[in-house]
Amino acid sequence: MEYFKSGLKSVLGTAPAGTQPTGADTVEKLVDRLQSSTLLDDRRDACRALKALSRTYRVEVGVQGMDALRQVLEMDRTDCEIVGLALNTLCNITNPETFEEEEVDKHSPTNKIGEQFTEIFIKHPDSVGLTLTFLEEFDFRVRRPALQLLTHLLTNRSKDIQEIILISPMGVSKLMDLLSDSREVIRNDVLLLLIQLTKGNANIQKIVAFENAFDRIFDVIKQEGNADGGIVVEDCLLLMLNLLRGNVSNQNFFKEGSYIQKLTPMFQIPNEVDDNNLSSWSPQKVSNVHCMVQVVRALVAPSAPAQAVAACQRTMRACGLLQALCDILMASGVPADVLTETINTVAEVIRGNASNQEFLASVMAPSIPPRPAIVVLLMSMVNEKQPFILRCSVLYCFQCFLYKNEVGQTQLIQTLLPQGNEAPSLTTGQLLCGGLFSMDSLSNWFSAVALSHALIENISQKEQLLRVLLATNIGKPPVTLMQQCVMLLQQGNKTQCKLGLLILLCRWTSYCPLAVKSFLAIDSSVAYLTALLSSQENNDDLQEILLQSMCALLIGICVHFNDDSVPTYTKEKVCNLIENRIGLERFQDAIGGIGRHEIYSRTLKHPQPSAQNPSELLLDHEFCKLLKSLEGTIIKSVIDANNEHQNRNQLSMISLSDNTLVLQYKDLIREQDMQIQRLNQANDSLMKEKQELEAQVQELRSTVSHLRDQNLVLRAAQANIGNEKETIASSNNSDFEKELQTYKTMVADLEKRLAEHTHITQDYKENDSEKESELEHQLKSKTEELEKLKKDQEDLLELLTDQDNKIMLYKERLIELGDKVESDESSGELDTDDQPESSN
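Residue numbers (UniProt numbering): 1 to 840.
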């Protein structure tokens, strides 16, 4: 400590006597020295002192020295020592953890200091890029603090730093190159950095994967000793898990690059047991295997695309990975948590894959006598002494074994039916029946749910299960399995057991009218459900709410899939019970009650049971899917059946009490039919008259067209008269008068025809105005056209009169000029031999 103080004195100088400088004062002087010194040694000493103070006086160094430290990184980048000191100082002030020696305000959020300084540091656009450039420096004093600084920045502001690195030129490549660094410390640090960098960013995950990450990771794992390696193996697996989980592109790349095959040797773990009969499973080995199975599960997760999962499942079977996992299941001395995760992994490797399911069915446990591995697993599930999470994993594995496995479902039901003379042996069916009737409610629930999975999408097995008989007491006849389930439902006092039985009964009766018939035929089966559901107690207990909801669902199934083969409980009678004993509104609310709880949505998300303790294990994933598919259908079926019943009653009442009204309706209908016939006849007559009127209109149109043509001829004649003035002057006057008389005659004739046309139009309008308004409009239009034509005729007459006047004027002028003009109409030629020249 004295050495440190003496170092500060040499940098800052001796303080005046009687004064004690504060930490802020000291930092201020050091920052000033760092910025103003011209000698590199002085700046280096100041930077070294700031690094020493950055843990104790973290806030002061960060506030006052951030810009000065950035300046060092820019200006003195060729000096590895001062750059390393500056990077180490920035690491301290951005550290997400709190230092033991750090002086902090008790009222300030100390865990946010590093994040706040990170935000300040990255506000400068080049800060992160500048730090990335120092990764290229091989000097340990620079490369390692640069890695640590980037790790702190990522921890504090992951999204921001990810985006900056993503757009930085070769930013990811620079980090990947460090995995090949011969110094293990650097390699390990870059692993931690990549774990932070790849969290939740699919684009960076893809870039890292295609930068040959998987090969490098497997090389490191192999160097470190696979599952028996240290924490570096765990870090490698965590990075691999980040690259694969939820990233379909990387999963395909992993499969196509034959990396699944590289996983198999990691799972070939020797079953070593020391002299004290204790397994050699160290805590680190347990952690490593946990990460290994998580990597496998990331490739075959039920939420992933089905085709990709199926391809990975086939590869895992072919390369021996499934065999290695099953060997761990059957090995002795495996820790319970490792065994649990391995069972879950086997479950997803075989889920929906017939070949893998068949392989698991063939695995034999090394017991005396040898038993199938599935039987040994079910023995653990119904054993209440086994850990809860282990029992849940066995249920999940058995569900995955039966998933879309019709052969496995059939074989399970067969073990419950009467056998031949074969030697008795413990079977899956016997274990499930034993658990179903156990005193342990959790075993009841496990067994009922497991048995229900043998009935999914398999109606034939539902009908076969109706044949199962159980010997209860000596001297009494055997009862069917369904009768026993109903009896346990009525007599049990544990809600969890009842929920399991209702899950089984709902699955059993859905889509199977024969099972509905068997259930309805059992005494007091429906009465018990309606009594439980009609209870008006306001119970907020989740288990009781679920119990009533499942009862409502089962009653609804007995309505929708009812073939009316039980006279006392036909579809109509069950609906009457619902309406009278329960109430239709309460029934609908009860069925929808399950979906309103968080436990329903959580269970529906993933097929694996997700309860943390036994009391939370209430619903099953496949049951929730069944409820989701049937809820609306059942409610509609009950409402429709109820409405049909009400309509039938109403029609019956009408038939009995209002027969007269029905007869009146019949008379009214008959009268309306006669009226319709009369209207049809009148319509036919009108249509005939309409056709006649249309013919008349067509004839009138032809007449108008003819008159229009004649009008054009007259206009042409008028034009010829105007253009032939000299010819008129020289022609015979009598011929002109004759032609003029002819025109007048034609005009008179046209006037007469126009009058006739107008008279016809007027008669048509008077006779048919009320019948055909549209034809009237057309005739009116034609009349207007004829009026226009008549006006044209009158204009033509005026022109002819004007022409006569002009001819008379020409004659008079000719006389004035001395020409002889004969007045006799037979000679109209003008004598112009002695005509003098006109000044005009």
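A virtual CB, placed ideally from N, CA and C, is assigned to each residue, including glycine.
All of these numbers come straight from a predicted model, not from anything done at the bench.
DSSP three-state label for residue 365, please. Residue 365 falls in the strand class under three-state DSSP.
Secondary structure of residue 467, DSSP reduced to three states:
Reduced to three states, the DSSP call for residue 467 is coil.
So, residue 250 versus residue 239, is the Cβ gap smaller than 8 Å? Not a contact, by the Cβ cut-off of 8 Å.
query: Are the beta-carbon atoms of residue 495 and residue 548 separated by less than 8 Å?
result: Contact flag unset, no.
**Request:** State the CB to CB distance for the pair residue 287 and residue 224, rounded to an integer number of angstroms; the pair is presumed to be in contact (CB under 8 Å).
**Result:** Separation of the CB atoms of residue 287 and residue 224 is rounded to 13 Å, and the pair is thereby denied contact status at 8 Å.
Contact between the segment 400-414 and the segment 331-351 (3+ Cβ pairs under 8 Å): Contact holds: three or more Cβ-Cβ distances are below 8 Å.
Cβ separation of residue 92 and residue 127, assumed to be a contact under 8 Å, to the nearest whole Å: Rounded to whole angstroms, the Cβ separation of residue 92 and residue 127 is 16 Å, and the two are not in contact under 8 Å.
In terms of residues, what are the limits of the alpha helix (DSSP H) holding residue 126? No alpha helix (DSSP H) contains residue 126, which DSSP labels as neither H nor E.
Q) When you compare only the Cα positions, how much space is there between residue 603 and residue 312? A) CA-CA distance, residue 603 to residue 312, rounds to 26 Å.
Practice problem: Drop a sphere of 10 angstroms on the beta-carbon of residue 606, count the other beta-carbons inside from all chains shown, and report buried for 16 or more, exposed for fewer. | Solution: Residue 606 is exposed by the Cβ-count criterion.
Fill in: DSSP bridge partner residues for residue 479 (one or two, in chain order)
Answer by DSSP bridge pairing, in chain order: 470.
Within 8 Å, do at least three Cβ pairs link the segment 157-172 to the segment 184-199?
Counting Cβ pairs under 8 Å, three or more are found: they touch.
Practice item. Below 8 Å on the Cβ atoms is my guess for residue 343 versus residue 394; work out the distance and round it to an integer in Å. Key: Residue 343 to residue 394, Cβ: 6 Å. Contact.
Let's see if you can read the secondary structure: which residues bound the alpha helix (DSSP H) around residue 525? Boundaries of the alpha helix (DSSP H) harbouring residue 525: 525-533, taken from the DSSP string.
Next on the checklist: Please state whether the Cβ-Cβ distance between residue 329 and residue 339 is less than 8 Å.
Outcome noted: In this structure, residue 329 places its C-beta atom within 8 Å of the C-beta atom of residue 339.
Quiz item: If you draw a straight line from the alpha carbon of residue 517 to that of residue 469, how long is it in whole angstroms?
Solution: So the alpha carbons of these two residues sit roughly 17 Å apart.
| field | Exposed unless 16 or more other CB atoms sit within 10 angstroms - verdict on residue 152 | value | Classification of residue 152: buried, given that the 10 Å Cβ count is 16 or more.
Item to check | C-beta atoms of residue 588 and residue 545 nearer than 8 Å | outcome: Going by C-beta atoms, residue 588 is not nearer than 8 Å to residue 545.
*Nearest-angstrom Cα separation, counted from residue 492 out to residue 571*: If I take the Cα positions, the gap works out to 28 Å.
Round the Cβ separation of residue 503 and residue 464 to the nearest angstrom and send it over; I've been treating them as touching at under 8 Å. That belief does not hold up - the Cβ atoms of residue 503 and residue 464 are roughly 19 Å apart, past 8 Å.
*asked:* Between which residues of its own chain and residue 483 is the CB-CB distance below 8 Å, once the five residues before and five after are set aside?
replied: The residues are 522.
Next on the checklist: Please return the same chain residues whose Cβ sits closer than 6 Å to the Cβ of residue 528, not counting the five positions on each side in sequence.
Outcome noted: Once the five neighbours on either side are set aside, the close Cβ partners of residue 528 are 490.
Among the candidates 292, 510, 565, whose CA atom is the shortest distance from the CA of residue 554? Nearest of 292, 510, 565 to residue 554, Cα basis: 510.
Give a yes or no on whether the C-beta atoms belonging to residue 551 and residue 520 are separated by under 8 Å.
Contact check for residue 551 against residue 520 fails: the beta carbons are separated by 8 Å or more.
Alpha helix (DSSP H) containing residue 396: first to last residue? Per DSSP, residue 396 belongs to the alpha helix (DSSP H) from 388-402.
*What residue range is occupied by the uninterrupted alpha helix (DSSP H) comprising residue 592?*
For residue 592, there is no enclosing alpha helix (DSSP H), as DSSP gives it neither H nor E.
| message | At a threshold of 7 Å, does residue 545 count as lining the ligand PLP (C-beta to nearest heavy atom)? | response | Judged by which ligands are present, the structure shown has none, so any question about the ligand PLP falls away.
**Asked** What residues in its chain sit with their C-beta under 7 Å from that of residue 317, if we drop five residues either side in the sequence?
**Response** So the qualifying residues of the chain are 355, 356, 359.
task = Return the chain-ordered list of same chain residues with a C-beta closer than 7 Å to the C-beta of residue 352, the five sequence neighbours on each side being excluded.
result = Excluding positions up to five away in sequence, the list reads 403, 404.
Identify the continuous alpha helix (DSSP H) that holds residue 97 and give its terminal residues. It is not in any alpha helix (DSSP H) - residue 97 carries neither H nor E in the DSSP assignment.
Open item on the list: Below 8 Å, how does it come out for the segment 592-600 and the segment 429-444: are there three or more Cβ pairs, yes or no?
Closed with: Short answer: they don't touch.
task = Name the residue from 626, 525, 687 whose alpha carbon lies nearest to the alpha carbon of residue 568.
result = That would be 525, whose Cα lies nearest to the Cα of residue 568.
inquiry  = Can you check which of these residues, 449, 667, 512, 513, is closest to residue 485 by C-alpha distance?
reply    = For residue 485, the nearest C-alpha among the options comes from 449.
Which residue marks the beginning of the alpha helix (DSSP H) containing residue 156, and which one marks its end?
For residue 156, the uninterrupted alpha helix (DSSP H) run begins and ends at 140-156, by DSSP.
Do residue 68 and residue 34 have their beta-carbon atoms positioned less than 8 Å apart in this structure? With respect to residue 68, residue 34 sits close: the two C-beta atoms are nearer than 8 Å.
Quiz item: Going by the CB atoms, is the gap between residue 361 and residue 408 shorter than 8 Å?
Solution: Against a cut-off of 8 Å, the Cβ pair of residue 361 and residue 408 comes out as a contact.
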